[in-house]
Amino acid sequence: MTKVVAITGAYSGLGEAISRLFAKKGYKLVLGGRNKELLEKLVSDIRKDTSAIGIEMDVRKKVDCEKFIQSAIDAFDRIDILINNAGIWKMAPIEDITEQDIRDMFETNIFGPIYLSQAAVKIMKKQKSGHILNIGSTAGIDYKSSHIAYGSSKFALIGFTGCLKTELQGTSVNVSVFSPGGMKTKLFRSKPERMKDTFMDPIFVAQKILEHIENPSDEWSIVLRRPSQQ
Ligand SMILES: NC(=O)c1ccc[n+]([C@@H]2O[C@H](COP(=O)([O-])OP(=O)(O)OC[C@H]3O[C@@H](n4cnc5c(N)ncnc54)[C@H](OP(=O)(O)O)[C@@H]3O)[C@@H](O)[C@H]2O)c1
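Read in order, the letters of the sequence shown correspond to residues 992 to 1221 in my numbering.
Structural data, given as structure tokens:
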């Protein structure tokens, strides 16, 4: 049976790389994002390789997250893999980070994945199968300076994954978090000078994510540092 994969933040950076790679592998795709035009463009490209739908959604809104998961059921009758990829980044010292920035990062990087997982778990438990994969970051592990909001939101995402993993033991629903180091994407749009030549190509990271998903193991927190840091 062809597996159905739902991916948030699907039309750029790592999300786009995962979407295109999984499409080439024949998975059916449910692609989420805030920008309708970018989403439609990606979906029309991807339909050359596989069945796909695009759902306009904002992960900060619980109702959008519920509709996103339901749309997988409406279109394909199941959801096998949820990839919580959408995320935002901003760096600033603690004195300068604004309340709005802190709220935005927590709502996007941790509240969104929790809302999406809540909706997906209900279905995956009934199916007696499923995999929720959260995209963490080495910033959630390394305690970097000026990463108060981003680093702690990703640390929370890793903690959430561990708690959910324990809670779902014995249900046949798998949960894991994949934490890459720096990648060359638009994540750094607010401070482009942060992106280094040594940052990884998201296509390389997407390949590692595919390998993780296709070879399930008990390892639930996977870290992929950029080669220069290993
Ligand atoms: N780049 C890195 O060095 C790096 C390293 C480790 C982990 N990561 C993680 O990798 C993931 C993908 O990021 P990326 O590097 O590929 O950056 P990116 O190109 O900026 O992609 C992030 C995606 O998330 C979407 N998004 C943001 N807020 C959203 C919201 N509220 N609702 C729905 N979609 C939303 C963005 O679309 P719109 O803004 O257009 O809505 C965009 O498509 C993130 O979780 C990030 O934290 C990145």
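Note that the Cβ used here is the ideal one computed from N, Cα and C, for glycine as well.
Check whether the Cβ atoms of residue i and residue j sit closer than 8 angstroms, and answer yes or no.
i	j	result
residue 1024	residue 1001	yes
residue 1062	residue 1085	no
residue 1129	residue 1216	yes
residue 1151	residue 1194	no
residue 1127	residue 1134	no
residue 1006	residue 1076	yes
residue 1144	residue 1081	no
residue 1146	residue 1131	yes
residue 996	residue 1020	yes
residue 1059	residue 1107	yes
residue 1140	residue 1093	yes
residue 1004	residue 1201	no
residue 1196	residue 1171	yes
residue 1137	residue 1083	yes
residue 1038	residue 1098	no
residue 1163	residue 1120	yes
residue 1173	residue 1156	no
From the DSSP output, which residues share a beta bridge with residue i?
i	result
residue 1191	1174
residue 1166	1123
residue 1212	1168
residue 1075	1125
residue 1083	1138
For the beta strand (DSSP E) containing residue i, list its first residue and its last residue.
i	result
residue 999	995 to 999
residue 1046	1043 to 1047
residue 1019	1019 to 1024
For the alpha helix (DSSP H) holding residue i, just list the boundary residues, first then last.
i	result
residue 1161	Segment: none, residue 1161 is in no alpha helix (DSSP H) and carries neither H nor E.
residue 1015	1004 to 1015
residue 1094	1090 to 1097
residue 1067	1053 to 1067
residue 1110	1103 to 1118
residue 1133	Taken as a continuous stretch (DSSP letters only), residue 1133 belongs to no alpha helix (DSSP H), as it is neither H nor E.
residue 1181	First-last for residue 1181: undefined, no H or E at that position.
residue 1032	1027 to 1037
Original post:
Three or more beta-carbon pairs under 8 angstroms between the stretch 1166 to 1180 and the stretch 1200 to 1215, yes or no?
Top reply: Verdict: yes, contact present.
Subject >> the stretch 1111 to 1123 in contact with the stretch 1064 to 1081 per 3-pair CB rule at 8 angstroms >> reply: yes
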